[in-house]
DNA sequence: TGGAATCCTGAGCCAATCACTCATGATTGA
DNA sequence: TCAATCATGAGTGATTGGCTCAGGATTCCA
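Protein chains in written order, with our numbering: chain A, 29 to 170; chain B, 29 to 170.
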């Protein structure tokens with residue numbers, strides 16, 4: 029029942045991006061260094077984030093990543109769904125999952141559903157902007 | 029971000045136990061068969077449940093397991109915390125975890141905290157009795 | 001009193017996943 | 001043309017999950 033480290037890293041890195049005033053692209057190396065991560069690992073995470081439309085990239089010298097949308101428009105929930113694949117506590121309540129046959133009789137489904145709904149409600153309106161207002165340069169010991 | 033299958037199995041099995049009118053011990057073999065599980069695997073789960081005080085066991089012929097408390101007194105949240113070890117989306121908000129040094133600056137902690145609280149709130153008052161009222165003999169395809 | 005039914009315990013195993021690293025290529029600016 | 005950057009895919013070592021296997025301990029009952 030743990031989120032993966034990708035979520036932590038991705039969230040922190042995006043918050044760091046959001047904290048920049050200038051709209052200049054930030055090279056991955058810099059972000060990775062701040063977070064105490066290898067550039068290559070963070071690269072993988074940013075690939076996903078780019079494909080999902082959270083950041084855009086500029087290649088070449090003076091390139092890097094920028095937020096593709098304003099921090100106020102980025103929902104933590106969406107971010108986590110991207111990084112985790114899915115924010116469901118159990119397979120049978122995943123978004124793309126076809127309902128299993130026994131739904132009307134299933135004891136556990138109601139629990140998983142309620143859990144999922146509560147999570148969605150909790151962070152469904154939280155934006156990157158809210159979060160990024162706490163300073164983030166520090167790295168976290170794991 | 030998935031719960032383990034132990035949770036599903038444990039929950040279903042306890043619900044099945046709760047569904048029995050008679051207070052006679054139910055042998056594991058019977059429960060395992062109903063759930064379509066190996067006896068030995070369910071045994072491991074019931075060990076935990078017994079140690080945590082959810083069920084009590086009777087050895088020997090005509091032995092088996094019974095609920096140690098009334099279904100109305102068994103909280104799903106407690107059950108899941110037992111089966112999952114901990115219901116925290118991230119290490120740093122686990123119950124026994126000492127606060128990490130950077131708390132006041134940490135961007136992500138607030139997210140994990142909120143997630144955890146919402147889950148607790150969602151199922152914190154749900155009891156086994158509520159759940160067990162849906163019939164449970166059916167097995168679920170995974 | 002012995003054997004069958006049950007719970008109890010610990011070890012082991014295989015496949016999947018996680019958190020990365022390695023190697024190399026493609027694009028762009030100066 | 002070269003250095004800085006992103007892009008991509010393969011590989012790897014450790015951990016975890018979901019079990020199985022093997023055998024023991026306790027209790028009931030004929």
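Think of the CB as a built atom: it goes at the ideal place given N, C-alpha and C, for glycine as much as any other residue.
* Can you give the Cα-Cα distance for residue 73(B) and residue 80(B), rounded to whole angstroms? -> Cα to Cα, the separation comes out at about 11 Å.
* Asked: Quick one: what does DSSP say residue 92(B) is sitting in, helix, strand or coil?
  -> Strand, per DSSP.
* What did DSSP end up calling residue 153(A) once you bin it into helix, strand or coil? -> Coil.
* Asked: Buried or exposed: where does residue 153(B) fall if 16 or more other Cβ atoms within 10 Å of its Cβ makes it buried?
  -> Its Cβ having fewer than 16 others within 10 Å, residue 153(B) is exposed.
* Determine the DSSP secondary structure at residue 65(B), reduced to helix, strand or coil. => In this structure, residue 65(B) counts as coil in the three-state DSSP scheme.
* Contacting residues, own chain, Cβ-Cβ under 7 Å from residue 66(B) (five flanking each side not counted) -> Excluding residues within five positions, the ones whose Cβ falls inside 7 Å are 60.
* To do: Please compile the residues from chain B whose C-beta is within a distance smaller than 8 Å of the C-beta of residue 69(A).
  => Think of a sphere of 8 Å around the beta carbon of residue 69(A): no beta carbon from chain B falls inside it, the nearest being about 17 Å out.
* Would you report the Cα separation of residue 106(B) and residue 57(A), rounded to the nearest angstrom? -> Distance between the alpha carbons of residue 106(B) and residue 57(A) is about 44 Å.
* Asked: So, does the CB of residue 99(A) fall closer than 7 Å to a CB anywhere in chain B?
  -> The beta carbon of residue 99(A) does not come within 7 Å of any beta carbon belonging to chain B, so the residue lies off that interface.
* Have a look at 49(A), 97(A) and 33(A) and flag the residue whose alpha-carbon is nearest the alpha-carbon of residue 156(A). => Out of 49(A), 97(A) and 33(A), 97(A) has the C-alpha closest to the C-alpha of residue 156(A).
* Asked: Secondary structure at residue 54(B), three-state DSSP: helix, strand or coil?
  -> If DSSP states are grouped into helix, strand and coil, residue 54(B) belongs with the strands.
* Asked: With distances taken from CA atoms, which of 50(A), 134(A), 140(A) and 78(A) is nearest residue 38(A)?
  -> Closest option to residue 38(A), Cα to Cα, is 78(A).
* Quick one: Cα of residue 86(B) to Cα of residue 148(B), how far? -> Taking the straight line joining both Cα atoms gives about 33 Å.
* Assigned secondary structure, residue 34(A) (DSSP; H/G/I helix, E/B strand, else coil) -> Helix at residue 34(A).
* Can you round the beta-carbon distance between residue 117(B) and residue 31(A) to whole angstroms, since I take them to be within the 8 Å contact cut? -> Rounded, the Cβ-Cβ distance is 5 Å, consistent with contact.
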